[in-house]
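Peer 1: The structure is given below, and queries will be raised subsequently.
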Amino acid sequence: MSDQKQKPHDHDADKAAADELAGVPESMKDDGSEHEGNAPKAENADNRIEALEEALAEAQQAVLYAQAETQNVRRRLEKDAQDARAYAATGFARDMLSVMDNMQRALEAIPAEVKDEEKWKGLINGIEATGRELLAAFEKNGIKRVAAVGLPLDPNQHQAMIEIPTDEHEPGTIVQEMQAGYVIKDRLLRPAFVGVAKKAE
Numbered sequence: 092m093s094d095q096k097q098k099p100h101d102h103d104a105d106k107a108a109a110d111e112l113a114g115v116p117e118s119m120k121d122d123g124s125e126h127e128g129n130a131p132k133a134e135n136a137d138n139r140i141e142a143l144e145e146a147l148a149e150a151q152q153a154v155l156y157a158q159a160e161t162q163n164v165r166r167r168l169e170k171d172a173q174d175a176r177a178y179a180a181t182g183f184a185r186d187m188l189s190v191m192d193n194m195q196r197a198l199e200a201i202p203a204e205v206k207d208e209e210k211w212k213g214l215i216n217g218i219e220a221t222g223r224e225l226l227a228a229f230e231k232n233g234i235k236r237v238a239a240v241g242l243p244l245d246p247n248q249h250q251a252m253i254e255i256p257t258d259e260h261e262p263g264t265i266v267q268e269m270q271a272g273y274v275i276k277d278r279l280l281r282p283a284f285v286g287v288a289k290k291a292e
């Protein structure tokens, strides 16, 4: 008899529950599957963790790349600044080379008998002293003359103007210098104009 009284009550409870759920979207209704196990929730959480770890790794990689690029830019700027300081006198030095050339030509053009004359010694000594001062100023600023005569031709420092037939030197050896070459630090200011030995016919 107690069973018969229970059934109408259960029926009423089910009806009341159904009435309460009326109008609720299907996606929000609890079908009881979540209570059957936690596997779908755990799998979803694992996927989210994996995605977050990948995003974190990508962000870390981007930060490392940005830091490396910043260091490269800083190094380039520092090198440009050092070069600007080291080679600031390049243009002026090139202009002064022609002064040195003319001074040496003037000294070479003085006849030997004139050099021995007492009245010209003061002038000649003054020109020579000026040349030495100019060379000292060059040295002070890292400007040096390119070695040439007796060395093999180096296209990075020498410019061959003529070939001179000779058996006294190996072909390709510099045997004459027409115009001196100069470097500033490790950069070429002007190549030396030279004559190069070739095998005599």
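Going by my numbering, the first residue of the sequence shown is number 92, and it counts up by one from there.
We put the CB at the ideal spot given by N, CA and C, even for glycine.
Give me the Cα-Cα distance between I140 and A153, rounded to the nearest whole angstrom.
Peer 2: Using only the alpha carbons, I get a separation of about 20 Å.
Peer 1: Around the Cβ of A68, are there at least 16 other Cβ atoms within 10 angstroms (buried) or fewer (exposed)?
Peer 2: Any question about residue 68 goes unanswered here, given that the chain covers just 92 to 292.
Peer 1: Apart from the five residues on each side of it in sequence, which residues of its chain come closer than 8 Å, Cβ to Cβ, to L244?
Peer 2: Closer than 8 Å at Cβ, skipping near neighbours: A251, G263, T264, I265, V285 and V287.
Peer 1: From G123 to N135, what does the alpha carbon distance come to, in whole angstroms?
Peer 2: In this predicted model, G123 has a pLDDT of only 49, less than 50, meaning its place in the structure is not dependable; the value taken from the coordinates is given anyway. Near 18 Å, if we compare the C-alpha coordinates of N135 and G123.
Peer 1: Could you give the first and the last residue of the continuous alpha helix (DSSP H) run that contains G286?
Peer 2: Element bounds for G286: not the alpha helix (DSSP H) but the beta strand (DSSP E), A283 to K290.
Peer 1: Let me check understanding here. Comparing Cα to Cα, which of V205, L280, I234 and D258 lies closest to K289?
Peer 2: Out of V205, L280, I234 and D258, D258 has the C-alpha closest to the C-alpha of K289.
Peer 1: State buried or exposed for M269, treating a residue as buried only when at least 16 other CB atoms are found within 10 Å of its CB.
Peer 2: So M269 counts as exposed.
Peer 1: Taking the straight line between their C-alpha atoms, what separation do you get for A239 and A227?
Peer 2: Computed Cα separation, rounded: 20 Å.
Peer 1: Does the beta-carbon of F183 have 16 or more other beta-carbons within 10 angstroms, so that it is buried, or is it exposed?
Peer 2: So F183 ends up on the exposed side.
Peer 1: Would you verify that the beta carbon of V274 is, or is not, closer than 8 Å to some beta carbon of chain D?
Peer 2: In the structure shown, chain D cannot be found, because there is only a single protein chain.
Peer 1: Measure the C-alpha to C-alpha separation of A175 and A159 and round it to an integer number of angstroms.
Peer 2: Their backbone Cα atoms lie some 24 Å apart in a straight line.
Peer 1: To the nearest angstrom, report how far apart Q195 and G222 are at their CA atoms.
Peer 2: Rounded to whole angstroms, Q195 to G222 spans 8 Å at the Cα level.
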